[in-house]
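Visitor:
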Amino acid sequence: MQEPTRRDDGVRRFVHHIKARDIEHGGSASAQIKRELREGGVSAADARRAGIVAFEGEMNLIVYSDRGGILEVDVYPDAIEILIEDDGPGIGDIDLALTPGYSTAPDWATELGFGAGMGLPNMQRTSDGFEIHSHMGQGTRVRCRIERSEDDSTGIGQGT
Amino acid sequence: MRLDDVATLVEADVLAGAGRGELVIDRAYAVDLLSDVLALTDERTTLITGNVSPQVIRVAEILNVIAIVFVRGKRPAPSIAARAEQLGIPLLSTKKTMFETCGLLYGNGVRPCKNRPVETME
């Protein structure tokens with residue numbers, strides 16, 4: 217478990233280093249982030265969206281990256297920004313990777329219930345802002361922005 | 668319907684949340700692929716699945732899933748049940764298939780959760 221840090225400008229930041237193939241802990245960082253966002257006053261709906269984006273990114277690092285990567289979440293007063301970054305192998309065809317249903321997941325990931333080809337598309341449509349940059353042999357960087365709702369009136373579920 | 672009625676109906680063992688029998692189960696989503704759960708479910712849904720990976724309970728926590736029914740006799744590891752207990756998410760395990768479980772619940776008033784269909788998915 218890693219504690220949130222605070223940047224010099226006061227923005228709350230959560231940084232998790234995700235190991236490649238660490239399926240046993242897969243999703244635990246994102247569940248922790250979602251929990252801490254709620255505890256920090258983020259609405260249920262916003263925390264849920266951030267949790268979904270973080271989870272998809274975390275599992276992508278576990279399933280696809282060569283050496284793992286970083287899951288970083290910054291909490292601004294008006295938005296939540298989520299950065300997922302690795303140093304390889306990179307995505308050959310980004311448009312294809314963003315196509316719902318397309319997947320290059322290995323069998324072991326599919327057998328565990330992943331690799332439905334929904335990860336990146338789901339991150340994209342769950343976010344208000346979505347950027348992806350990837351170069352073969354260099355790595356992939358995905359940045360997602362979630363605009364925070366003004367109140368919790370749209371909160372979904374149990375409010376936790 | 669109530670959680671304890673669901674357990675009786677599908678002849679399930681209660682693995683976590685035994686004290687939450689009055690919980691109202693009115694919507695459900697049935698799937699084994701967790702990616703689909705993350706992409707498609709909405710609101711206070713009950714998850715019906717044969718997936719007992721450690722990720723199940725983490726996805727449930729992130730999505731505010733209110734209960735999980737494991738089908739085909741699947742049982743998650745004790746650590747998952749313990750985590751569910753901490754989170755207050757009841758876990759049921761039935762030997763019935765997913766199809767039969769869904770049919771029984773639907774026949775007793777449980778309805779599909781709202782979802783967000785993928786526009787470009789065939």
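Line by line, the protein sequences are chains E and X. So for the first sequence, the numbering used here puts the first residue at 217; every next one is plus one. So for the second sequence, the numbering used here puts the first residue at 668; every next one is plus one. We put the beta carbon where it would ideally sit given N, CA and C, even for glycine. It should be emphasised that the depicted structure is a prediction, and the values quoted were computed from it without experimental measurement.
Beta-carbon separation of E/Arg-283 and X/Asn-731 under 8 Å?
Guide: Working through the first sequence from its first residue, we reach residue 283 of chain E at position 67. Working through the second sequence from its first residue, we reach residue 731 of chain X at position 64. Not closer than 8 Å, so no.
Visitor: What beta strand (DSSP E) runs, 3 residues minimum, are completely inside the region 313-372 of chain E?
Guide: Counting whole runs of 3 or more residues, the region 313-372 of chain E contains the beta strand (DSSP E) stretches 345-351, 355-363.
Visitor: Does the Cβ-Cβ distance between E/Ser-281 and E/Asp-309 come in under 8 Å?
Guide: For the purposes of this step, residue 281 of chain E is taken as residue 65 along the first sequence, with counting starting at 1. For the purposes of this step, residue 309 of chain E is taken as residue 93 along the first sequence, with counting starting at 1. No, these two residues do not count as a Cβ contact at 8 Å.
Visitor: So, is X/Lys-781 buried or exposed, given that buried needs 16 or more other C-beta atoms within 10 angstroms?
Guide: Translated into the one-based positions of the second sequence, residue 781 of chain X becomes position 114. Exposed: under 16 other Cβ atoms inside 10 Å.
Visitor: I need the straight-line Cα distance from E/Gly-373 to E/Ala-260, nearest angstrom please.
Guide: The count along the first sequence starts at 1 and reaches residue 373 of chain E at position 157. The count along the first sequence starts at 1 and reaches residue 260 of chain E at position 44. A caution first: E/Gly-373 carries a pLDDT of 40, below 50, which makes its placement in the model unreliable, though a value can still be read off. If you take the alpha carbons of E/Gly-373 and E/Ala-260, they lie about 8 Å apart.
Visitor: At the 8 Å Cβ level, is E/Glu-297 part of the contact set with chain X, yes or no?
Guide: The residue labelled residue 297 of chain E in the question sits at position 81 within the first sequence. Chain X contact via Cβ: absent.
Visitor: Expressed to the nearest angstrom, what Euclidean distance is found between the alpha-carbon atoms of X/Ile-692 and E/His-349?
Guide: Here residue 692 of chain X refers to the residue found at position 25 when the second sequence is read from its first residue. Here residue 349 of chain E refers to the residue found at position 133 when the first sequence is read from its first residue. Between X/Ile-692 and E/His-349, the C-alpha separation is close to 42 Å.
Visitor: Going along the chain, which residues of the region 306-336 of chain E sit with their C-beta nearer than 8 Å to a C-beta in chain X?
Guide: Residues passing the 8 Å Cβ filter: Thr-315, Pro-316, Gly-317, Leu-328, Gly-329, Phe-330, Gly-331, Ala-332, Gly-333, Met-334, Gly-335.
Visitor: Given that X/Asp-699 touches chain E, what residues does it touch there, using C-beta distances under 9 Å?
Guide: Residue numbering aside, residue 699 of chain X sits at position 32 when the second sequence is read from its first letter. Result: Gly-329.
Visitor: Would E/Asp-262 be called buried (16 or more neighbouring beta carbons within 10 Å of its own) or exposed?
Guide: Taking the first sequence and counting its residues from 1, the one referred to as residue 262 of chain E is at position 46. Label assigned to E/Asp-262: buried.
Visitor: Could you compute how far the alpha carbon of X/Ile-733 sits from the alpha carbon of X/Ile-756?
Guide: For this step, residue 733 of chain X is matched to residue 66 along the second sequence. For this step, residue 756 of chain X is matched to residue 89 along the second sequence. C-alpha separation (whole angstroms): 6 Å.
Visitor: E/His-233: which of E/Ser-244, E/Arg-223, E/Val-227 sits nearest, CA to CA?
Guide: Start at 1 with the first residue of the first sequence, and residue 233 of chain E comes out as number 17. Checked all of E/Ser-244, E/Arg-223, E/Val-227; the closest Cα to E/His-233 is E/Ser-244.
Visitor: Using a cut-off of 9 Å between C-beta atoms, extract the partners of X/Ser-746 located in chain E.
Guide: The count along the second sequence starts at 1 and reaches residue 746 of chain X at position 79. Under the 9 Å cutoff, chain E gives no residues; its nearest Cβ is about 10 Å from X/Ser-746.
Visitor: Excluding the 5 residues flanking X/Leu-682 on each side, which residues of the same chain have their C-beta closer than 6 Å to its C-beta?
Guide: Stepping through the second sequence from its first residue, residue 682 of chain X is reached at position 15. Only Ala-748, Leu-758, Ser-760 meet the Cβ criterion.
Visitor: Can you tell me the Cα-Cα spacing of X/Val-777 and X/Pro-721, whole angstroms?
Guide: The residue you call residue 777 of chain X lines up with position 110 of the second sequence. The residue you call residue 721 of chain X lines up with position 54 of the second sequence. Whole-angstrom Cα-Cα distance: 26 Å.
Visitor: Pick out whichever of X/Asp-671, X/Tyr-696, X/Gly-688 has its Cα sitting closest to the Cα of X/Tyr-621.
Guide: With chain X running from 668 to 789 in the structure shown, residue 621 of chain X is simply not present.
Visitor: Which whole-angstrom value describes the C-beta separation of E/Met-339 and X/Ser-702, a residue pair presumed to lie in contact below a C-beta threshold of 8 Å?
Guide: The residue labelled residue 339 of chain E in the question sits at position 123 within the first sequence. The residue labelled residue 702 of chain X in the question sits at position 35 within the second sequence. E/Met-339 to X/Ser-702, Cβ: 11 Å. No contact.
Visitor: I'd like the list of long-range same chain contacts for E/Ala-337, defined as Cβ closer than 8 Å, with 5 residues on each side in sequence excluded.
Guide: By one-based count along the first sequence, residue 337 of chain E stands at place 121. Checking the sequence shown, residue 337 of chain E turns out to be Pro, not Ala. Excluding sequence neighbours, E/Pro-337 sits near Leu-314, Thr-315, Pro-316.
Visitor: According to DSSP, E/Glu-288 sits in a beta bridge with which residue or residues?
Guide: Position 72 of the first sequence, counted from the first residue, corresponds to residue 288 of chain E. The partner list for E/Glu-288 (beta bridge, DSSP) reads E/Val-231, E/Leu-299.
Visitor: Quick check: E/Ala-266 and E/Ile-300, are their CB atoms within less than 8 Å of each other?
Guide: Here residue 266 of chain E is taken as the residue at index 50 of the first sequence, counted from 1. Here residue 300 of chain E is taken as the residue at index 84 of the first sequence, counted from 1. It is not a contact, given that the beta carbons lie outside the stated cut-off.
Visitor: Closer than 7 Å between beta carbons: that is the criterion. Which residues of the region 760-779 of chain X meet it against chain E?
Guide: Taking 7 Å as the Cβ-Cβ cut-off against chain E, none of the residues of the region 760-779 of chain X qualify.
Visitor: Measuring alpha carbon to alpha carbon, tell me which of X/Leu-700, X/Arg-750, X/Arg-725 ends up nearest X/Ile-715.
Guide: The residue you call residue 715 of chain X lines up with position 48 of the second sequence. Nearest option by C-alpha distance: X/Leu-700.
Visitor: Taking only three categories from DSSP, how would you classify E/Ser-246?
Guide: In the first sequence, the residue the question calls residue 246 of chain E occupies position 30. DSSP places E/Ser-246 in helix when its eight states are reduced to three.
Visitor: Who are X/Arg-694's beta bridge partners in DSSP?
Guide: In the second sequence, the residue the question calls residue 694 of chain X occupies position 27. According to DSSP, which records beta bridges pairwise, X/Arg-694 is partnered with X/Arg-778.
Visitor: Would a check of beta-carbon distances place X/Leu-714 closer than 8 Å to chain E?
Guide: Counted from its first residue, the second sequence places residue 714 of chain X at position 47. No, X/Leu-714 does not count as interfacial toward chain E.
Visitor: Residues in its own chain within less than 8 Å of X/Arg-791 by CB, not counting five upstream and five downstream?
Guide: Nothing in the structure corresponds to residue 791 of chain X, since chain X is present only between 668 and 789.
Visitor: At what residues does the alpha helix (DSSP H) containing X/Thr-675 begin and finish?
Guide: For the purposes of this step, residue 675 of chain X is taken as residue 8 along the second sequence, with counting starting at 1. Note, X/Thr-675: alpha helix (DSSP H), 670-676.
Visitor: For E/Gly-242, which residues in chain X fall below 9 Å Cβ to Cβ?
Guide: Against the first sequence, residue 242 of chain E aligns to sequence position 26. In chain order: Ser-720, Pro-721, Gln-722, Arg-725.
Visitor: Please list, in chain order, the chain E residues whose beta carbon lies closer than 7 Å to that of X/Ile-729.
Guide: On the second sequence, position 62 is the one that residue 729 of chain X refers to. Those within 7 Å of X/Ile-729 in chain E are Ser-246, Ala-247, Lys-250, Arg-264, Gly-267, Ile-268, Phe-271.
Visitor: Just to confirm, are E/Cys-360 and E/Ile-298 a CB contact at a threshold of 8 Å?
Guide: On the first sequence, position 144 is the one that residue 360 of chain E refers to. On the first sequence, position 82 is the one that residue 298 of chain E refers to. Cβ atoms of E/Cys-360 and E/Ile-298: closer than 8 Å.
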